[in-house]
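Here's the structure we're looking at; comments come further down.
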Amino acid sequence: MVSVLTKIFGLTNIEIAEDIVHDVLLKALESWKLKGVPENPSAWLMAAAKNKTLDFLRHKKQEEKYARQITPLLQSEYTIGHTLNNYFSENEIKDDQLRMMFVCCHDSINEESQIALILKTLCGFSVSEIAKAFLTNDSTINKRLYRAKEKLRELEIKFEIPVPSEIEKRIDQVLKALYLLFNEGYSSTEGESFIREELAAEALRLCLILSQHTAGNIPKTLALLALMYFHGARFNARIDDEGNILLLKEQNRKLWDNEMIQEGIILLNMASTGDLVSTYHIEAAIAYEHCIAKSYNDTNWKNLLNYYQVLITLTKSPVAELNSAIVISEIDGPDAALNVIFKIELADELKNYYLLPATKGDLYFRKSDMIKAKYFYDIAETLTSSPFEKKLLRKKSNMCT
Amino acid sequence: MKKYLLLFRGGDAHRMEEQKSPEAWQAHMQKWMQWMKALAEQGKFAGAEPLTNDGKVISKGLKVTDGPYMEGKEIVGGYLICNANNYDEAVEIAKGCPIFEQDGIVEVREILEGGM
Numbered sequence: 309m310v311s312v313l314t315k316i317f318g319l320t321n322i323e324i325a326e327d328i329v330h331d332v333l334l335k336a337l338e339s340w341k342l343k344g345v346p347e348n349p350s351a352w353l354m355a356a357a358k359n360k361t362l363d364f365l366r367h368k369k370q371e372e373k374y375a376r377q378i379t380p381l382l383q384s385e386y387t388i389g390h391t392l393n394n395y396f397s398e399n400e401i402k403d404d405q406l407r408m409m410f411v412c413c414h415d416s417i418n419e420e421s422q423i424a425l426i427l428k429t430l431c432g433f434s435v436s437e438i439a440k441a442f443l444t445n446d447s448t449i450n451k452r453l454y455r456a457k458e459k460l461r462e463l464e465i466k467f468e469i470p471v472p473s474e475i476e477k478r479i480d481q482v483l484k485a486l487y488l489l490f491n492e493g494y495s496s497t498e499g500e501s502f503i504r505e506e507l508a509a510e511a512l513r514l515c516l517i518l519s520q521h522t523a524g525n526i527p528k529t530l531a532l533l534a535l536m537y538f539h540g541a542r543f544n545a546r547i548d549d550e551g552n553i554l555l556l557k558e559q560n561r562k563l564w565d566n567e568m569i570q571e572g573i574i575l576l577n578m579a580s581t582g583d584l585v586s587t588y589h590i591e592a593a594i595a596y597e598h599c600i601a602k603s604y605n606d607t608n609w610k611n612l613l614n615y616y617q618v619l620i621t622l623t624k625s626p627v628a629e630l631n632s633a634i635v636i637s638e639i640d641g642p643d644a645a646l647n648v649i650f651k652i653e654l655a656d657e658l659k660n661y662y663l664l665p666a667t668k669g670d671l672y673f674r675k676s677d678m679i680k681a682k683y684f685y686d687i688a689e690t691l692t693s694s695p696f697e698k699k700l701l702r703k704k705s706n707m708c709t
Numbered sequence: 349m350k351k352y353l354l355l356f357r358g359g360d361a362h363r364m365e366e367q368k369s370p371e372a373w374q375a376h377m378q379k380w381m382q383w384m385k386a387l388a389e390q391g392k393f394a395g396a397e398p399l400t401n402d403g404k405v406i407s408k409g410l411k412v413t414d415g416p417y418m419e420g421k422e423i424v425g426g427y428l429i430c431n432a433n434n435y436d437e438a439v440e441i442a443k444g445c446p447i448f449e450q451d452g453i454v455e456v457r458e459i460l461e462g463g464m
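Here's what the structure looks like:
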């Protein structure tokens, strides 16, 4: 909704768009409380937003300040209704969301603020919800949003889908932000769980819109979308009824969403055109291998190791190497895996990464070296702030006797 | 660039509503919309408003009477202000007005700038 309104009012007046949406939502709450939720709530909201915008424009049309931003067609009673209807048509809304994605992911805005801006303008999250999702306070998020909006004004960033020659570069930023947003929801165990689920769902929704537009329908987008589907399929199986984390080994594979897995497979096939292999392709392939294995023991570790090796070549990431060590431990045993870890464990990226000692703890545990296993589990516990992770590591540590 | 006022007289689309089907009305209004949109895209559209059919006339001695008391075909039904270089261009713009599908007329007047 904010996207549509931003096109009407211009990026410099993004606050007006946000205010109108805020008013509409309040009105919806009031009205729905009295009359019940309408049959098609989103249509109701759009109609309400349209009327609100109409009111606003009628009141403000004499003011020069807005007039410069707004097309004269929205200032004439001859054309205002029809023009607004066009803005609120379904295809236009999708295009506007796409435009907004490109605006939010502009490279002059840092990644943290990009994601905050996406959540505020495209997903309708409130400041305090965003703050909760990132375990920070409202004023930090407000500052991030303020700075991002200042940048938009300062650089006079246009509300548009980039031209084909620029799209290649710009789309990488959008994909990265969506990837981070999804991970924030999927991997992080911090923040309130319902918000995390929303984060992942919103990332998937936006990625879907991107993939449906000619500008965004490229193999990389489809690969990222496939990755989201594969991970999403396992979302609910990862946590038990008490909110404890379940390891891949312990998950009930019957709870995995087979429809999402099938959708992911179709997408991954569609993504396998062209000669460019992105990290999203490889990560999707890794997730795919996990999804199609009937049980943990049936996992095709050899394939996984191949994928990890490509991923390491592409990213040079020690985190990828750490993950490959887990795969190696399944093929060649814990000693081989530890040898890999010894080579990478001094990397800066892994310095405070709790999964490094946690993995070492697992490997020593498998070697029945309980003293070392306990030692590393205890270190890992101090490095994570998530209560669920802490609980899991404490449990493991207590088993080392 | 000068500004020109286009006064739409008679053929008032508002009254079409009663005379024709809603579809025909819609289709006719669509044409007005398209015409103005095209002008806007060329940067020639500087505002327009439709007017209701009633009105008040105030004459000397502040005497107020209802309505412009004119024949239907002379009533001003709306106006548009456009940007044009000269009368020729403004007239060309006016010729595109859908009012000529009804039997209305357009009066083109140049807006006097800096004259008062």
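Chains A and B, in that order, give the protein sequences. Going by the working numbering, the first residue of the first sequence is number 309, and it counts up by one from there. Going by the working numbering, the first residue of the second sequence is number 349, and it counts up by one from there. Backbone N, C-alpha and C fix where the C-beta goes; we use that ideal spot for every residue, glycine too.
Legend entry - Neighbourhood of residue 636 (chain A) by C-beta, 8 Å cutoff - its chain only, sequence neighbours within 5 removed: As a working mapping, residue 636 (chain A) is identified with position 328 in the first sequence. Cβ within range, chain order: 613, 644, 645 and 648.
Inset, instruction - Give every residue of the same chain whose Cβ lies closer than 8 Å to the Cβ of residue 412 (chain B), excluding the five residues on either side of it in the sequence, and list them in chain order. - result: The count along the second sequence starts at 1 and reaches residue 412 (chain B) at position 64. So the list reads 404, 405 and 406, once near-sequence residues are dropped.
Legend entry - Cβ-based burial, residue 527 (chain A) [other Cβ within 10 Å; buried from 16]: To locate residue 527 (chain A), count along the first sequence from 1; it is residue 219. Buried is the call here.
Inset, instruction - Would you check if the distance between the CB atom of residue 329 (chain A) and the CB atom of residue 319 (chain A) is smaller than 8 Å? - result: For this step, residue 329 (chain A) is matched to residue 21 along the first sequence. For this step, residue 319 (chain A) is matched to residue 11 along the first sequence. Not in contact: residue 329 (chain A) and residue 319 (chain A) (Cβ atoms no closer than 8 Å).
Inset, instruction - Output, in sequence order along the chain, the residues in the region 457-482 of chain A whose CB is closer than 9 Å to any CB in chain B. - result: none
Inset, instruction - Would you tell me roughly how many angstroms separate the C-alpha atoms of residue 667 (chain A) and residue 364 (chain A), rounded to the nearest one? - result: By 1-based counting over the first sequence, the position of residue 667 (chain A) is 359. By 1-based counting over the first sequence, the position of residue 364 (chain A) is 56. Distance between the alpha carbons of residue 667 (chain A) and residue 364 (chain A): 58 Å.
Legend entry - residue 338 (chain A) to residue 331 (chain A) span [Cα, whole Å]: Start at 1 with the first residue of the first sequence, and residue 338 (chain A) comes out as number 30. Start at 1 with the first residue of the first sequence, and residue 331 (chain A) comes out as number 23. Cα to Cα, the separation comes out at about 11 Å.
Legend entry - Bridge partner(s) assigned by DSSP for residue 407 (chain B): As a position in the second sequence, residue 407 (chain B) is number 59, starting the count at 1. Note: residue 407 (chain B) sits in a beta bridge opposite B:411.
Legend entry - N-terminal and C-terminal residue of the beta strand (DSSP E) that residue 635 (chain A) is part of: Indexing the first sequence from 1 puts residue 635 (chain A) at position 327. No beta strand (DSSP E) contains residue 635 (chain A), which is instead part of the alpha helix (DSSP H) from 626-640.
Inset, instruction - Check whether the Cβ of residue 395 (chain A) lies closer than 8 Å to any Cβ atom in chain B. - result: Numbered from 1 along the first sequence, position 87 holds the residue referred to as residue 395 (chain A). Not one chain B Cβ lies under 8 Å of residue 395 (chain A).
Inset, instruction - Taking residue 372 (chain B) as the query, report the chain A residues whose CB atoms sit under 8 Å from its CB, ordered along the chain. - result: Along the second sequence, read from residue 1 onward, the residue named residue 372 (chain B) stands at position 24. Correct list: empty, because the minimum Cβ distance to chain A is about 16 Å.
Legend entry - As assigned by DSSP and simplified to three states, the class of residue 467 (chain A): As a first step, residue 467 (chain A) is located in the first sequence; it is residue number 159 there, counting from the start. Residue 467 (chain A) falls in the coil class under three-state DSSP.
Inset, instruction - Could you pull out every unbroken alpha helix (DSSP H) segment of at least 4 residues lying fully inside the region 346-420 of chain A, listed in chain order? - result: 349-368, 372-375, 388-395 and 398-412
Legend entry - Where the alpha helix (DSSP H) through residue 585 (chain A) begins and ends: Here residue 585 (chain A) corresponds to residue number 277 of the first sequence, with the count starting at 1. Segment: none, residue 585 (chain A) is in no alpha helix (DSSP H) and carries neither H nor E.
Inset, instruction - Tell me, please, whether the CB atom of residue 385 (chain B) is closer than 8 Å to any CB atom in chain A? - result: Within the second sequence, the letter at position 37 stands for residue 385 (chain B). Yes, contact with chain A.
Inset, instruction - Can you have a look at residue 403 (chain A) and say buried or exposed, based on whether 16 or more other CB atoms are within 10 angstroms of its CB? - result: The residue given as residue 403 (chain A) occupies position 95 in the first sequence. Result: buried.
Legend entry - Proximity below 8 Å, CB of residue 396 (chain B) to CB of residue 428 (chain B): Along the second sequence, one-based indexing puts residue 396 (chain B) at 48. Along the second sequence, one-based indexing puts residue 428 (chain B) at 80. In this structure, residue 428 (chain B) lies closer than 8 Å to residue 396 (chain B) by Cβ.
Legend entry - Under 7 Å by beta carbon: chain B residues contacting residue 380 (chain A): Against the first sequence, residue 380 (chain A) aligns to sequence position 72. Residues of chain B passing the Cβ test: 388, 393, 394 and 395.
Inset, instruction - State the CB to CB distance for the pair residue 429 (chain A) and residue 408 (chain A), rounded to an integer number of angstroms; the pair is presumed to be in contact (CB under 8 Å). - result: The count along the first sequence starts at 1 and reaches residue 429 (chain A) at position 121. The count along the first sequence starts at 1 and reaches residue 408 (chain A) at position 100. Going by Cβ atoms, the distance from residue 429 (chain A) to residue 408 (chain A) rounds to 6 Å, so yes, they are a contact pair.
Inset, instruction - Give the range of the alpha helix (DSSP H) segment to which residue 688 (chain A) is assigned. - result: Locating residue 688 (chain A) in the first sequence gives position 380, counting from the first residue. Counting along the chain, the alpha helix (DSSP H) containing residue 688 (chain A) begins and ends at 678-691.
Inset, instruction - Go ahead and pull the three-state DSSP assignment for residue 351 (chain B). - result: On the second sequence, residue 351 (chain B) is found 3 positions in, with the first residue counted as 1. Reduced to three states, the DSSP call for residue 351 (chain B) is strand.
Legend entry - Any C-beta of chain B under 8 Å from that of residue 390 (chain A): Taking the first residue of the first sequence as 1, we reach residue 390 (chain A) at position 82. Chain B contact via Cβ: present.
Legend entry - When A:469, A:389, A:381 and A:543 are compared against residue 355 (chain A), the one with the closest alpha-carbon: Reading the first sequence from its first residue, position 47 is the one you call residue 355 (chain A). Taking only the C-alpha atoms, the option nearest residue 355 (chain A) is A:389.
Legend entry - residue 526 (chain A) - DSSP class collapsed to helix/strand/coil: If you number the first sequence from 1, residue 526 (chain A) lands on position 218. Here residue 526 (chain A) sits in coil by DSSP.
Inset, instruction - List the endpoints of the continuous beta strand (DSSP E) containing residue 458 (chain B). - result: Residue numbering aside, residue 458 (chain B) sits at position 110 when the second sequence is read from its first letter. That run of the beta strand (DSSP E) goes 453-458.
Inset, instruction - Report yes if the CB atom of residue 381 (chain B) is closer than 8 Å to the CB atom of residue 393 (chain B), and no otherwise. - result: Position 33 of the second sequence holds residue 381 (chain B). Position 45 of the second sequence holds residue 393 (chain B). It is not a contact, given that the beta carbons lie outside the stated cut-off.
Inset, instruction - Tell me where the beta strand (DSSP E) around residue 423 (chain B) begins and ends. - result: Within the second sequence, residue 423 (chain B) is the residue found at index 75, counting from 1. Element bounds for residue 423 (chain B): n/a, residue is neither H nor E.
Legend entry - Residues near residue 535 (chain A) in its chain [Cβ-Cβ closer than 7 Å; skip 5 each side]: In the first sequence, the residue the question calls residue 535 (chain A) occupies position 227. These residues qualify, in order along the chain: 588, 591, 592 and 595.
Inset, instruction - Tell whether a beta-carbon distance below 8 Å holds between residue 465 (chain B) and residue 415 (chain B). - result: No statement about residue 465 (chain B) is possible, as the shown extent of chain B runs from 349 to 464 and does not include it.
Legend entry - Bridge partners - residue 428 (chain B), DSSP secondary structure assignment: Within the second sequence, numbered from 1, the residue matching residue 428 (chain B) stands at position 80. B:354 and B:396.
Inset, instruction - Note down the Cα distance separating residue 467 (chain A) from residue 371 (chain B), rounded to an integer number of angstroms. - result: Within the first sequence, the letter at position 159 stands for residue 467 (chain A). Within the second sequence, the letter at position 23 stands for residue 371 (chain B). Roughly 35 Å separates the two Cα atoms.
Inset, instruction - Starting from the beta carbon of residue 415 (chain B), find every residue of chain A whose beta carbon is closer than 8 Å, and list them in chain order. - result: In the second sequence, the residue the question calls residue 415 (chain B) occupies position 67. By Cβ distance, chain A contributes nothing, its closest Cβ being about 21 Å from residue 415 (chain B), past 8 Å.
Inset, instruction - Measure the alpha-carbon distance for residue 715 (chain A) versus residue 352 (chain A) and round it to whole angstroms. - result: The shown model of chain A, from 309 to 709, leaves out residue 715 (chain A), and the question about it has no answer.
Inset, instruction - Pull up the distance between the alpha-carbon of residue 375 (chain A) and that of residue 366 (chain A), whole angstroms please. - result: Indexing the first sequence from 1 puts residue 375 (chain A) at position 67. Indexing the first sequence from 1 puts residue 366 (chain A) at position 58. For residue 375 (chain A), the predicted model reports a pLDDT of 47, less than 50, meaning its position is unreliable and no value from the coordinates is stated.
Inset, instruction - For residue 461 (chain B), decide whether its Cβ has a neighbour in chain A, counting only Cβ atoms nearer than 8 Å. - result: By 1-based counting over the second sequence, the position of residue 461 (chain B) is 113. Closer than 8 Å: no.
Legend entry - chain B residues whose Cβ lies nearer than 9 Å to that of residue 387 (chain A): As a working mapping, residue 387 (chain A) is identified with position 79 in the first sequence. What residue 387 (chain A) touches in chain B: 380, 381, 384, 385, 388, 393 and 396.
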